[in-house]
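Enquirer:
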Amino acid sequence: MCQVYSVVPPSLYPASFVIKVNQSSIIVNAAGGFQRSLNANQVPLGQIELIILTECTAEAVEGLLGFLMTRCQCAEMTKAKIIVPEDFEILHHLNEFALDPIYEGEMIICKERVITCMKDYNAEVVNVNGKLQFKISPNLELTQFDQEKLVPLKLTGKQIGQLRTAGSLQLADGTTVSMQDMSVQLKCGEILYGDHFTPQVPNSLIISDSPLQNTTSDTKTMILQDSGYPINDFILFYNEQGTSFSHTSQTAQKFVMFPPKLFGFEPQQVDKKPKQFDKLNKRFVNQNANKDYIEFFGTGASVPNKYNNVSAAILKLNQQQVLIDCGEATYQQITFSQNKTELEENIIIVVTHEHADHYLGLGTLFNVFHKKFNKYPRLICQDLVLQYLQYVGIKTESEINLNLINEENSKSVQINTIEMQIFKSQHCDHSMHYLFSDETREIIFTGDGRPFEYAFKNQEKKKTLIHETTFTDEQKEAEDRMHSTVNEAIEVSKRIKANKLIITHFSQRHSKEALITEEIDSEHLTQAFDFMIVGI
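Quick note on numbering: the sequence shown equals residues 1 to 536 in the working numbering.
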């Protein structure tokens, strides 16, 4: 079997897709949204033998670190070869961003041409003007009846079965036919990416960003298009939460190349109509972008799934935009904003801690911001996050050295009319809580970590608490992993007399559950979900 899956379209990122030959898998780029698309569309991966990065950019590898970590946790560390057009520093340091090693394969720099021979396929990769193009030639053959020879014999089904099992069949006139005489040997076509290669065998597949001219009748073209938000049952999920969410979703494009009888399967047509988002939570949603609000772009923990992307939220307060965490595919999420949110020049980015699900989207977002404003955004983050950015070619600094903040020493920063106070949290070495305040309000964003014990300056201010609660009632597990439960977040909210509590950052096991039960429901309490906007 040979199948091709297009999982991330090339509208915002380099196109990412998977080629599966029998049980072997070839990954082409690992852009933002890569993991989520694989999960949402249940794309089987089997054994990953080869990863081809068509270009060396942050956008092409944004999902790679998270994907390798996930594979390492649920299976075994991949030993796949990685082929790149030039030396790329991040690939030499993959194992620095996880507790355990996540990669032990070989990186191959393709300066001109690389040929790799595997059990199920051969791969030829060429460097064309600094970007890679390739040809995959599957070693797949299929023996089947030649209908042109078989039909004239007018055999019954029983006779065909006997011919297939016994290998030969004696006809009524005394002649004998063999399976070999009645069969034809079919070979799988090639998979081509880029215009450097031309099809040399029938039943080939050309993967392209745009329609090609002069393709033959026995060659197909798989056009990589914007497939929209990659979630099949997103609407059903939010309807179950009692919330209206109107939106057209799209499955990944899939092309079954072999067996040939399935070769005519066409990818689904793409609905290019603008996505229309309804108001999501009528108690708190504020559609007016000029007002103050917090908008969630990722409410899941650790690994993106079909219901939740990983951590990211934008706070808009007194005309100041603050991005709190920037997990994988955050910029992609922002482009789907129901509020039509765009990156503003005055944005400041703060990272709660140095776990990958909280910062892997920074590379793409920084590059997009730089193209728009010819500079990088302001940033407050941990040293490991700066190291990641440096490895993907972005040289920037944190405005505050978070290593100097501990349990006895907080830090206060003035951002225009907002005061931001940074507290050390109990989660990992350099994890932080952030408190944003003006004359009348305090917005507290906890990040991961155990419940905090800080006393705030002005108890009269209106308080909004955004508390990451990875667990519901798994108290021991929450304590062991230095996280919080829903009930603990509620207790914190009561203690600081918060006017509003929003819980977020849910474990995969709770990704599609309503965590606010009747027993703990309150008009001041809500459960965050992707694209929810809460007025502050």
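Note that CB positions come from ideal geometry on N, CA and C, so glycine has one too.
Could you compute how far the alpha carbon of Met179 sits from the alpha carbon of Val8?
Expert: Position 179 of the sequence shown, counted from the first residue, corresponds to residue 179. Position 8 of the sequence shown, counted from the first residue, corresponds to residue 8. Cα-Cα distance, rounded: 44 Å.
Enquirer: Are Ile400 and Val385 closer than 8 Å when you measure CB to CB?
Expert: If you number the sequence shown from 1, residue 400 lands on position 400. If you number the sequence shown from 1, residue 385 lands on position 385. No. Outside cutoff.
Enquirer: With a Cβ-Cβ cutoff of 8 Å, do Asp292 and Ile52 count as a contact?
Expert: Counting from 1 along the sequence shown, the entry for residue 292 is found at position 292. Counting from 1 along the sequence shown, the entry for residue 52 is found at position 52. By the CB criterion at 8 Å, Asp292 and Ile52 fall outside the cutoff.
Enquirer: Can the beta-carbon of Thr364 be found closer than 8 Å to that of Gly32?
Expert: Sequence index remark: in the sequence shown, residue 364 carries index 364 (1-based). Sequence index remark: in the sequence shown, residue 32 carries index 32 (1-based). Going by C-beta atoms, Thr364 is nearer than 8 Å to Gly32.
Enquirer: Specify the secondary structure class of Ser24 as computed by DSSP and reduced to three states.
Expert: Residue numbering aside, residue 24 sits at position 24 when the sequence shown is read from its first letter. DSSP places Ser24 in strand when its eight states are reduced to three.
Enquirer: Output yes or no for whether 8 Å exceeds the beta carbon distance between Tyr13 and Lys254.
Expert: Position 13 of the sequence shown holds residue 13. Position 254 of the sequence shown holds residue 254. Taking 8 Å as the Cβ cut-off, Tyr13 and Lys254 do not qualify as a contacting pair.
Enquirer: Cys56 and Glu104 look like a contact to me (Cβ under 8 Å); what is the Cβ gap, rounded to whole Å?
Expert: As a working mapping, residue 56 is identified with position 56 in the sequence shown. As a working mapping, residue 104 is identified with position 104 in the sequence shown. No, Cys56 and Glu104 are not in contact; Cβ-Cβ is about 21 Å, not under 8 Å.
Enquirer: Does the Cβ-Cβ distance between Ala15 and Leu153 come in under 8 Å?
Expert: As a position in the sequence shown, residue 15 is number 15, starting the count at 1. As a position in the sequence shown, residue 153 is number 153, starting the count at 1. Not in contact: Ala15 and Leu153 (Cβ atoms no closer than 8 Å).
Enquirer: Cβ atoms of Asp383 and Ser311: under 8 Å apart, would you say?
Expert: Working through the sequence shown from its first residue, we reach residue 311 at position 311. Working through the sequence shown from its first residue, we reach residue 383 at position 383. Contact flag unset, no.
Enquirer: Out of Ala166, Ser11, Leu38 and Ile48, state which residue places its alpha-carbon closest to the alpha-carbon of Ser25.
Expert: Taking the first residue of the sequence shown as 1, we reach residue 25 at position 25. Out of Ala166, Ser11, Leu38 and Ile48, Ile48 has the C-alpha closest to the C-alpha of Ser25.
Enquirer: Curious, which full-length alpha helix (DSSP H) runs of at least 4 residues does the region 440-502 contain?
Expert: Complete alpha helix (DSSP H) runs here, min 4: 475-480 and 486-495.
Enquirer: What are the residues that DSSP puts in a beta bridge with His433?
Expert: Along the sequence shown, one-based indexing puts residue 433 at 433. Note: His433 sits in a beta bridge opposite Phe423.
Enquirer: When you compare each of Glu190, Ile418, Gln200 and Asn406 to Lys316 by their alpha carbons, which one comes out closest?
Expert: Mapped onto the sequence shown, residue 316 falls at position 316. Closest by alpha carbon: Ile418.
Enquirer: By Cβ distance, which residues of its chain are closer than 6 Å to Pro377, with the 5 residues on each side in sequence left out?
Expert: On the sequence shown, position 377 is the one that residue 377 refers to. Excluding residues within five positions, the ones whose Cβ falls inside 6 Å are Ile347, Ile349 and Phe369.
Enquirer: Drop a sphere of 10 angstroms on the beta-carbon of Glu190, count the other beta-carbons inside from all chains shown, and report buried for 16 or more, exposed for fewer.
Expert: Translated into the one-based positions of the sequence shown, residue 190 becomes position 190. That one is buried.
Enquirer: Residues in its own chain within less than 8 Å of Gln162 by CB, not counting five upstream and five downstream?
Expert: Your numbering for residue 162 matches position 162 in the sequence shown. Answer for Gln162: Leu169, listed in chain order.
Enquirer: Leu45 and Val18 - do their beta-carbons sit closer together than 8 Å?
Expert: Translated into the one-based positions of the sequence shown, residue 18 becomes position 18. Translated into the one-based positions of the sequence shown, residue 45 becomes position 45. Taking 8 Å as the Cβ cut-off, Val18 and Leu45 qualify as a contacting pair.
Enquirer: Can you tell which of Val256, Glu474 and Leu65 has the C-alpha that lies nearest to the C-alpha of Ser302?
Expert: Reading the sequence shown from its first residue, position 302 is the one you call residue 302. Comparing Cα-Cα distances from Ser302 to each of Val256, Glu474 and Leu65, the minimum goes to Leu65.
Enquirer: Going by beta-carbon coordinates alone, are Pro118 and Leu150 separated by less than 8 Å?
Expert: Counting from one through the sequence shown, the residue named residue 118 turns up at place 118. Counting from one through the sequence shown, the residue named residue 150 turns up at place 150. What sits at residue 118 in the sequence shown is Met, not Pro. The answer is no: Cβ separation not under 8 Å.
Enquirer: By the 10 Å Cβ neighbour count, where 16 or more other Cβ atoms means buried, how is Arg36 classified, buried or exposed?
Expert: Numbered from 1 along the sequence shown, position 36 holds the residue referred to as residue 36. Answer is buried; the Cβ neighbour count reaches 16.
Enquirer: Measuring alpha carbon to alpha carbon, tell me which of Ile102, Leu140 and Glu59 ends up nearest Gln73.
Expert: To locate residue 73, count along the sequence shown from 1; it is residue 73. Taking only the C-alpha atoms, the option nearest Gln73 is Ile102.
Enquirer: What are the start and end residues of the beta strand (DSSP E) that includes Ala541?
Expert: Residue 541 lies beyond the residue range present for the chain, which begins at 1 and ends at 536; the question has no answer from this structure.
Enquirer: Quick check on the DSSP output: the alpha helix (DSSP H) that includes Thr57 runs from which residue to which?
Expert: Here residue 57 refers to the residue found at position 57 when the sequence shown is read from its first residue. Counting along the chain, Thr57 falls outside any alpha helix (DSSP H), and DSSP gives it neither H nor E.
Enquirer: Who are the near neighbours of Val114 in its chain, counting only those whose CB is closer than 7 Å to its CB and skipping five residues on each side?
Expert: Position 114 of the sequence shown, counting from 1, holds the residue named residue 114. Closer than 7 Å at the Cβ level, and outside the excluded window around Val114, lie Ile83, Ile108 and Val125.
Enquirer: Tell me which residues share the same chain as Lys135 and place their Cβ nearer than 6 Å to its Cβ, disregarding the 5 neighbours each side in the sequence.
Expert: Within the sequence shown, numbered from 1, the residue matching residue 135 stands at position 135. Here Lys135 has Glu124, Glu190, Leu192 and Phe197 as same chain residues with Cβ atoms under 6 Å from its own Cβ, once five neighbours each way along the sequence are excluded.
Enquirer: Taking the straight line between their C-alpha atoms, what separation do you get for Ile231 and Asn339?
Expert: The residue given as residue 231 occupies position 231 in the sequence shown. The residue given as residue 339 occupies position 339 in the sequence shown. Its pLDDT being 40, under 50, Ile231 is placed unreliably by the model, and nothing is read from it.
Enquirer: For a quick check, are the C-beta atoms of Thr54 and Leu68 less than 8 Å apart?
Expert: Counting from one through the sequence shown, the residue named residue 54 turns up at place 54. Counting from one through the sequence shown, the residue named residue 68 turns up at place 68. Their beta carbons are not under 8 Å apart, which means Thr54 does not touch Leu68 by this criterion.
Enquirer: Could you tell me the distance, in whole angstroms, from the CA atom of Glu397 to the CA atom of Gln390?
Expert: Against the sequence shown, residue 397 aligns to sequence position 397. Against the sequence shown, residue 390 aligns to sequence position 390. Between Glu397 and Gln390, the C-alpha separation is close to 10 Å.
Enquirer: Which value, in whole angstroms, describes the spacing of the CA atoms of Gly393 and Gly361?
Expert: In the sequence shown, counting from the first residue as 1, residue 393 sits at position 393. In the sequence shown, counting from the first residue as 1, residue 361 sits at position 361. Their Cα atoms are separated by approximately 14 Å.
Enquirer: Gln552 by DSSP, collapsed to three states: which one?
Expert: It is not possible to answer for residue 552, since the shown part of the chain is limited to 1 through 536.
Enquirer: For Phe529, count neighbouring C-beta atoms within 10 Å of its own C-beta (all shown protein chains included) and say buried if the count is 16 or more, exposed if not.
Expert: Stepping through the sequence shown from its first residue, residue 529 is reached at position 529. So Phe529 counts as buried.
Enquirer: Any Cβ of chain D within less than 8 Å of the Cβ of Glu354?
Expert: The question asks about chain D, but that chain is absent: this structure has only one protein chain.
Enquirer: Near Glu479, what residues of its chain come up, given a Cβ to Cβ distance below 8 Å and the 5 sequence neighbours on each side ignored?
Expert: On the sequence shown, residue 479 is found 479 positions in, with the first residue counted as 1. Within its own chain, the residues whose Cβ lies closer than 8 Å to the Cβ of Glu479, once the five positions on either side in sequence are excluded, are Arg450, listed in chain order.
Enquirer: Go ahead and label Leu404 buried or exposed: buried means 16 or more other beta carbons lie within 10 angstroms of its beta carbon, across all protein chains shown.
Expert: For this step, residue 404 is matched to residue 404 along the sequence shown. With fewer than 16 Cβ atoms within 10 Å of its Cβ, Leu404 is classed as exposed.
Enquirer: According to DSSP, is Thr176 part of a helix, a strand, or is it coil?
Expert: For the purposes of this step, residue 176 is taken as residue 176 along the sequence shown, with counting starting at 1. Three-state result, Thr176: strand.
Enquirer: Buried or exposed: which applies to Gly327, given that a residue is buried once 16 or more other Cβ atoms fall within 10 Å of its Cβ?
Expert: Locating residue 327 in the sequence shown gives position 327, counting from the first residue. So Gly327 counts as buried.
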